[in-house]
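Residue numbers (this note's numbering): 86 to 614. Just so it is clear, CB atoms sit at the ideal spot from N, CA and C, and this is done for glycine as well. Each remark here refers to the structure printed beneath this line.
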């Protein structure tokens, strides 16, 4: 039965890889990026005369804000022969929207202004019909900048004829250097699939020109074209391949159960298939989300079980490296299965997102802790006996450290962070972004993988699983989490994963060597005494 589960799992990983490749092709093919300048701020800063110069440096479009017909001058789109994007308040009616758009037949994209889109809450279908008839795509402002009510439903009604838009608050922009602003816009394009960059002028003409020219240069350097933004093509999601991934996820979970409790794999597999079938009858998208979350949770536990089985038959630093590589491959397969399941266009546009990020970070560590205790102690009685002993000051210190670490760990996960980024961390980030193509995650290469390497090495030497491995799972968990950022292009995620894995592995191996040398020095010192 175990061999059958392994075969099913391998087929699922291959299927997920094909789906991920299809997603990557769609992401790579859409290379057009549109630079849009806020026209009202050009007026405020007395820089309208710069438009011809800005166009020479890559600007394609101006955005005009207004809520009534009299505001719009049909000659605006003739300025410097630039295209026009109307920024229309979401509070007007769809009928009024249609009248405005009739005056600007060349408009190809619209970005609504305010807290909602036109037609919210009960006339979104009318808005969608108007925009589709005019051949206009929807600009979706990134939600952490301005979450607009109704924008996701409107995008769905429009068949996902939409693009993601990045902007910077003008006040925050004026507190930054031109280089910082360029890097932020570039990062939005490369790492989050943004295709419309909503620019705002600096206070001086020289800085504004430098912004547009520098951004254009960087975009071209990375292979992007300065043109009208296009909506992504729909990702071809073969339903049979997706079914194979779903079944493979059940097989993987059953395999973990079978490795921990032999002969229970078949029961787990049959039960999982029944559960999967029942869920899919009620809500297909929810089923995909639940299975994806299950993969994110069970994969790190799978890694821990494999490490436990491997360390008893291994020795030396080479074995540590091999087990680390195996752990990385398993985590990568888990992440690709999530990508394969949730690879349609709605996730690329972040209209849908992977749910349960914090659970995917915490639950695997809790399950790993339970598994570690179960392998360390023969019975629950021994565990309770351990808890009955007097509490020492060192126990209290360890508990406080773990609690503080857990709070920071939780606070720095997910789409929103409870803790700000320190100045030192920002400086380190900037250095890494200059050196590396994509900045790897700190939790991955500074904490997770070094601890995992130390834990594997210690487990091999002691011939039993080390608690360090449990915390070292933060590395693989981050790898899986990286691939669950579905609005990030697959290739960028893979580069980030590779850099984090290699850096973390090198740091971990270095620590193993240093600790080994220090242990030898200590042993010699003790012998001499």
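Straight-line measurement puts the Cα of residue 139 at about 14 Å from the Cα of residue 126. DSSP places residue 303 in the helix class (H, G or I) of the three-state scheme. Remark: fewer than three beta-carbon pairs, one from each stretch, lie closer than 8 Å, so the region 407-419 and the region 350-357 are not flagged as touching.
Out of 279, 242 and 205, the CA that lies nearest to the CA of residue 574 is found in 279.
Counting along the chain, no beta strand (DSSP E) covers residue 110; the unbroken alpha helix (DSSP H) around it starts and ends at 87-114.
Under the criterion of beta carbons closer than 8 Å, residue 377 and residue 423 qualify as touching, at roughly 5 Å. When DSSP states are grouped into helix, strand and coil, residue 561 belongs to the helix group. Taking C-beta separations shorter than 8 Å and ignoring five residues to either side along the sequence, the partners of residue 109 in its chain run 574, 575 and 576, following chain order. With a cut-off of 8 Å on Cβ pairs, the region 214-223 is in contact with the region 239-257, counting three or more such pairs.
With a cutoff of 8 Å on beta-carbon distance, residue 373 and residue 94 are scored as not near each other. Scanning the region 299-353 for uninterrupted alpha helix (DSSP H) segments of 4 residues or longer gives 324-345, listed from N- to C-terminal end.
Shown here, residue 388 sits in a helix according to DSSP, grouped into three states.
In the three-state reduction of the DSSP assignment, residue 518 falls in the helix class. If you draw a straight line from the Cα of residue 308 to the Cα of residue 283, it is about 20 Å long. With 16 or more other CB atoms across the displayed protein chains lying within 10 angstroms of its CB, residue 145 is buried.
Pairwise C-beta distances place the region 517-532 in contact with the region 579-588, as three or more of them are shorter than 8 Å. Here residue 405 is actually not in contact with residue 532; their C-beta atoms are around 18 Å apart, not less than 8 Å. Taking the Cβ atoms as the reference, residue 415 lies roughly 6 Å from residue 387, within the contact range of under 8 Å.
DSSP, reduced to helix, strand and coil, places residue 248 within a strand of the structure shown. Per the DSSP secondary-structure output, residue 123 pairs in a beta bridge with 148.
Our two residues, residue 361 and residue 325, have alpha carbons roughly 15 Å apart in a direct line. Residue 228 and residue 251 have their alpha carbons spaced roughly 10 Å apart. Here DSSP, grouped into helix, strand and coil, assigns residue 284 to strand. Collapsing the DSSP output to three states places residue 234 in a strand. The three-state reading of DSSP puts residue 395 in helix, counting H, G and I together.
DSSP links residue 541 through a beta bridge to no other residue. In the structure shown, the three-state DSSP call for residue 404 is helix.
Of the residues assessed, residue 530 falls on the buried side of the cut-off, its CB having 16 or more other CB atoms within 10 angstroms. With contact defined as three or more Cβ pairs closer than 8 Å, the region 558-572 and the region 446-458 are in contact. DSSP places residue 551 in the coil class of the three-state scheme, outside both helix and strand.
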